[in-house]
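A.B. asks:
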Amino acid sequence: MTLAFTEPEYGWGAESVQMRAQSTDSGFVLNGTKLFVHDAKAATTLICAVRSRGREGVTLLMVDSRTPGLSTRLLPGFMGWVGEVVFEDVEVPSDAILGELGGGWQPLQSAFRKAIPVLCAYKVGGAQSVFDMTLEYSRTRIQFGTPIGRFQRVQDHIVEMVNHLDAARWTTYESLWKLDSGRFDDASVHLAKAVASEGYYQGCNHSHEVHAGIGVVREYGLTLHTRMSRTLYHYLGDPRFHRRKIGDALLG
Numbered sequence: 085m086t087l088a089f090t091e092p093e094y095g096w097g098a099e100s101v102q103m104r105a106q107s108t109d110s111g112f113v114l115n116g117t118k119l120f121v122h123d124a125k126a127a128t129t130l131i132c133a134v135r136s137r138g139r140e141g142v143t144l145l146m147v148d149s150r151t152p153g154l155s156t157r158l159l160p161g162f163m164g165w166v167g168e169v170v171f172e173d174v175e176v177p178s179d180a181i182l183g184e185l186g187g188g189w190q191p192l193q194s195a196f197r198k199a200i201p202v203l204c205a206y207k208v209g210g211a212q213s214v215f216d217m218t219l220e221y222s223r224t225r226i227q228f229g230t231p232i233g234r235f236q237r238v239q240d241h242i243v244e245m246v247n248h249l250d251a252a253r254w255t256t257y258e259s260l261w262k263l264d265s266g267r268f269d270d271a272s273v274h275l276a277k278a279v280a281s282e283g284y285y286q287g288c289n290h291s292h293e294v295h296a297g298i299g300v301v302r303e304y305g306l307t308l309h310t311r312m313s314r315t316l317y318h319y320l321g322d323p324r325f326h327r328r329k330i331g332d333a334l335l336g
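Note that our numbering has the sequence shown beginning at 85, numbered continuously upward.
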């Protein structure tokens, strides 16, 4: 089972769901495309978000992946498990509604709120790994008879990595603590995602500045983090999206 949410007009708000479910006597007919669907090829059931009514009118439908008119293909790139799902006159019975007609956004939003801090924790782990390999390299790489970590410009990059890493770590810890202790608030979740996305992304940039040529060698491992940091930068909303949400949460 997997969630089919994002569309070619990419976004993570309720307004981003544009694929409509056309009502019929027996249920619905779906036409449209969903992108970046995780495990699209393996899933037997898709929880598909469709537009049913108004700006907030999102409905969740349980769709069998073997339904005639539904096709999937893997998308090329680093995340080899995500795919595109195309719906061409896909007929779905009326009992496929998950929850209530037009009531799908609230449970989706609740799930996203819980998933975001977990994703942030993954980013913090990635940023920590990048920092560790960069610190070790700056201590052991000898140039002009001295470790490069003694050069001021290299130290500048290391300090920036510390700033990004600690900001990502503590905003993530706070969002998880609030979620676990019943003190949950939207602003802390959006702040964690904005900061952790930038932290992992910029941490990789600074690491490449320190490593120079060796950093782009595939076997070294840094490029794996670099590609993942860029891929996850947008997943569940990029920093710009979450900064707007922080403003909404704090100011109404």
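Don't be surprised by glycine CBs; every beta carbon is placed ideally from N, CA and C.
Comparing alpha-carbon positions, which option in V243, H309, T108 lies nearest V174?
C.D. replies: The residue you call residue 174 lines up with position 90 of the sequence shown. Nearest of V243, H309, T108 to V174, Cα basis: T108.
A.B. asks: Mind checking T129: buried by the 16 CB within 10 Å criterion, or exposed?
C.D. replies: By one-based count along the sequence shown, residue 129 stands at place 45. Burial call: exposed.
A.B. asks: In the structure shown, what three-state DSSP assignment does D173 receive?
C.D. replies: The count along the sequence shown starts at 1 and reaches residue 173 at position 89. Strand, per DSSP.
A.B. asks: Quick one: grab the DSSP three-state call for K71.
C.D. replies: A query on residue 71 cannot be resolved here, the shown segment of the chain reaching from 85 to 336 and no further.
A.B. asks: Let me check understanding here. Comparing Cα to Cα, which of G283, N247, H290, R197 lies closest to R237?
C.D. replies: As a first step, residue 237 is located in the sequence shown; it is residue number 153 there, counting from the start. Checked all of G283, N247, H290, R197; the closest Cα to R237 is H290.
A.B. asks: Suppose the cutoff is 8 Å on Cβ atoms and the five residues either side in sequence are ignored; what does the same chain contact list for A195 look like?
C.D. replies: Here residue 195 is taken as the residue at index 111 of the sequence shown, counted from 1. Counting only Cβ-Cβ distances below 8 Å, and skipping sequence neighbours, we find nothing.
A.B. asks: Under DSSP, the beta strand (DSSP E) around G148 begins and ends at which residues?
C.D. replies: Here the question's residue 148 lines up with position 64 in the sequence shown. In the sequence as displayed, the identity of residue 148 is Asp instead of Gly. Per DSSP, D148 belongs to the beta strand (DSSP E) from 141-148.
A.B. asks: With burial defined as no fewer than 16 other Cβ atoms inside 10 Å of the residue's Cβ, what is the status of M245: buried or exposed?
C.D. replies: By 1-based counting over the sequence shown, the position of residue 245 is 161. M245 should be labelled buried.
A.B. asks: By the DSSP assignment, the alpha helix (DSSP H) with L308 in it spans what residues?
C.D. replies: Reading the sequence shown from its first residue, position 224 is the one you call residue 308. Its alpha helix (DSSP H) spans residues 306-318.
A.B. asks: I'd like the ranges of any alpha helix (DSSP H) spanning at least 4 consecutive residues and lying wholly in the stretch 236-274.
C.D. replies: Here the runs fully enclosed are 236-265.
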